[in-house]
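If you're matching positions, the sequence shown starts at 0 in numbering that gives the first Met the number 0 and goes up one per residue. The next block holds one structure in the form of structure tokens; read it before the comments.
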Amino acid sequence: MTDGLGALLLPAMIIILLGFMFWSQRRRQTAIATLQDSLAVGDDVCTTSGLFGRIVALDEVVATLEVAPGMPVRFDRRAVATKVDTTGRPLGSGTPDGAGTVDPSDTPRPDTEK
């Protein structure tokens, strides 16, 4: 009787694992699509390579970022990874699971009393 249960357990676990993988990938794709749709001129962003800048021009394919005053750089729009605030911290949940957000109370402060 346990042989029949064991024979069903392995395929069931594989099916559950595959289902979780597909669900997770779809959730990531939805989050990326939502971010891409919400991009607008004037947003501060971070690219997938870690470059911070402000969007100064945007079309279907290219996002032009101003990385320093008067220094525009053209990027593929898909290279924009997250929206950030002016200090470089992700806005809201830039990632699907909220990873990467920083709680200011957790940030160590330098000891200024010496």
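The C-beta atom is built at its ideal place from N, Cα and C for all residues, glycine as well.
| Asked | Found |
| --- | --- |
| Environment of Ala11 [buried if 16+ CB atoms lie within 10 Å] | exposed |
| Opposing strand residues paired with Pro71 [DSSP bridges] | Glu65 |
| Per-residue DSSP class, three states only, for Thr29 | helix |
| Beta-carbon contacts of Val66 that lie in its chain and below 8 angstroms, excluding the five residues immediately before and after | Leu50, Phe51, Gly52, Val72 |
| Between the CA atoms of Phe21 and Ile14 - distance to the nearest angstrom | 11 angstroms |
| C-alpha gap between Ala56 and Ala32, whole angstroms | 19 angstroms |
| Terminal residues of the beta strand (DSSP E) in which Leu57 lies | 51-57 |
| Length of the line joining the Cα atoms of Val79 and Leu9 | 41 angstroms |
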